[in-house]
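Chains as they are written, first to last, in our numbering: chain A, 378 to 764; chain B, 4 to 162. Quick reminder that beta carbons are idealized off the backbone N, C-alpha and C, glycines included. Data block below; observations after.
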């Protein structure tokens, strides 16, 4: 018992120190948390406890993405978002898929890698955008639109991939997965509006303490149901969040649960680093390097393709591409789901360190790029002016 | 001239206006509370300046900009903030209220106003009973929302 307490205390201290260092360096805290986990790999013995806490973190992360998901924004800008989102998916997903195949992985493992490369980090990008005061820039709408599309896409991808993983990829397994998605996911997306007032009454619990317990119970139970059906916990958590986002209690849930999300999500990121043994890194340098280069190039190309159709300047296009480079929480969630479900083999052994290296590198490159690009551009404009 | 508004999921809400001077002013209201004012000069994609304000500061600056700001002698008039205000009202001699009790006038039920005190010559009647008879030249200290005050003035005038 005292050993577990000590370990948890050290974990929290490392998270704090890493987070502090990251904010001093004006970087996202997520890479710092992962690095903390990588460092502590040989120290933590109570893996079961950490795994449970980190699973709660994963659920709360996705629950909040559902809760804060802006359905009205998607509805108002459906066409430009869909166009940009599809370009983003079509450019970046195949890159990871191809590298996976080139390493001799099967289609399922390669698809996981495709998704890991595809998905940018809403958390890292939004934070860097606010820190660098780029939210008022003309390209901000395009970037945010793509992030919104990705938030939705990732849940469907997770449902599909984890569904295939548990159901198999033969014809019977595939159709069973699609049927389950149709029965489990679509009711949440196509909810009759009359449900919301009823939910409002159901959620109307005066006591803040009981309200908290109820909200957490619903998230955990929905996630448990999700795993029972063969999907990732994240899918159920997101859908419940999406459901609650339409109710009058949205803000109250956010206010109550945000501290728990912060705590458990930090443990989730650390536990991801924790899963990677130090010797697990051997032989991953080349794939990581290839993924980082292609992943950065893919997002720059996305920025350029999306921008060209919306009459933005070259600078804005470069900024769009750069801002999409950071990968983070979603890539990690995918890697963890892959490592948990893939059959034994090289893919299962190396997907965690590959994803970790990829996330750490793209996070740093993207955030530094977002900060330096405007400075570079201002200098260039000045030079042009002088000539 | 028109203020535009758009949502920025994950950030907050964005408002922008093109001024007659040819500039664009963008205001971002962050979900976390802070406000930013960006000034884009004509044809520029980078803001030439950014002002960051806390929620509190934004309210004060906004009041000055809209012309609603007056230096307040009382530091924090929370009464006013909450839309309640105190007013001194005189009972005109010979008006319909002159010589009637508060109950007869049904002030609380009809107008929503509460009478806190009555100043009568050199006397003060704090928290008057509903059986208290109002007299001409009484000055009443009353509290209520603007619409309450409006209704109260009508009752006093006998309308």
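| Check | Outcome |
| --- | --- |
| Member of 699(A), 381(A) and 461(A) whose CA lies at the smallest distance from the CA of residue 682(A) | 461(A) |
| Within-8 Å CB hit, residue 31(B) to chain A | yes |
| Own chain residues within Cβ distance below 6 Å of residue 110(B), not counting five before or after | 116 |
| Own chain partners of residue 57(B) with C-beta closer than 8 Å, once the 5 adjacent residues on each side are dropped | 36, 37 and 38 |
| Cα-Cα separation, residue 643(A) to residue 413(A) | 10 Å |
| Chain B contacts made by the region 437-469 of chain A, where a contact means CB separation under 8 Å | 445, 446, 447, 449, 450 and 453 |
| Member of 435(A), 743(A), 649(A) and 608(A) whose CA lies at the smallest distance from the CA of residue 718(A) | 608(A) |
| Per-residue contacts from residue 503(A) into chain B (C-beta, under 8 Å) | 13 and 14 |
| The region 532-545 of chain A / the region 476-489 of chain A touching (three or more Cβ pairs under 8 Å) | yes |
| Beta-carbon gap between residue 680(A) and residue 698(A) smaller than 8 Å | yes |
| Under 9 Å by beta carbon: chain B residues contacting residue 751(A) | 49 |
| Three-pair Cβ contact test at 8 Å for the region 685-702 of chain A versus the region 724-736 of chain A | no |
| Burial state of residue 512(A), where buried means 16 or more other Cβ atoms lie within 10 Å | buried |
| Cβ-based contacts, 8 Å cut-off: residues of the region 506-534 of chain A near chain B | 506, 507, 510, 512, 513, 514, 515, 517, 518, 521, 524 and 525 |
| Cα-Cα separation, residue 544(A) to residue 551(A) | 7 Å |
| Buried/exposed call for residue 449(A), threshold 16 Cβ in 10 Å | exposed |
| Proximity test, Cβ basis, 8 Å: residue 2(B) and chain A | Chain B is shown from 4 up to 162; residue 2(B) falls before or after that span and cannot be answered. |
| Contacts of residue 17(B) in chain A (Cβ-Cβ under 9 Å) | 512, 513, 517 and 518 |
| First and last residue of the uninterrupted alpha helix (DSSP H) at residue 111(B) | 110-114 |
| Chain-ordered residues of the region 710-740 of chain A with a beta carbon less than 7 Å from chain B | none |
| Endpoints, beta strand (DSSP E) assigned at residue 33(B) | 27-33 |
| Segments assigned alpha helix (DSSP H), at least 4 residues, entirely inside the region 606-673 of chain A | 610-622 and 627-651 |
| Interface partners of residue 53(B) on chain A, CB under 7 Å | 510 |
| Cβ-based neighbour list, residue 595(A), same chain, cut-off 7 Å, excluding 5 preceding and 5 following | 617 |
| Residue 76(B) classed as buried or exposed, judged by whether at least 16 other C-beta atoms fall within 10 angstroms | At residue 76(B) the pLDDT is 47, less than 50, meaning the model places this residue with poor confidence and gives no usable figure here. |
| Spatial distance of residue 613(A) from residue 603(A) (CA atoms) | 5 Å |
| As assigned by DSSP and simplified to three states, the class of residue 5(B) | coil |
| Where the region 688-705 of chain A meets chain B: residues whose CB sits under 8 Å from a CB there | 690, 692 and 693 |
| Touching by the beta-carbon criterion (3+ pairs, under 8 Å), the region 503-519 of chain A and the region 753-764 of chain A | no |
| 8 Å Cβ shell around residue 118(B) - same chain, five flanking residues per side excluded | 105, 110, 131, 143, 144 and 145 |
| Cutoff 8 Å: residue 755(A) Cβ touching any chain B Cβ | yes |
| Separation of residue 685(A) from residue 762(A), as counted between CA atoms | 25 Å |
| Under 9 Å by beta carbon: chain B residues contacting residue 497(A) | Within 9 Å Cβ-Cβ: nothing; residue 497(A) doesn't reach chain B, min ~12 Å. |
| Environment of residue 723(A) [buried if 16+ CB atoms lie within 10 Å] | exposed |
| Terminal residues of the beta strand (DSSP E) in which residue 120(B) lies | 117-123 |
| Where residue 60(B) meets chain A, residues with beta-carbon distance less than 8 Å | Residues of chain A passing the Cβ test: none, with the nearest at roughly 17 Å. |
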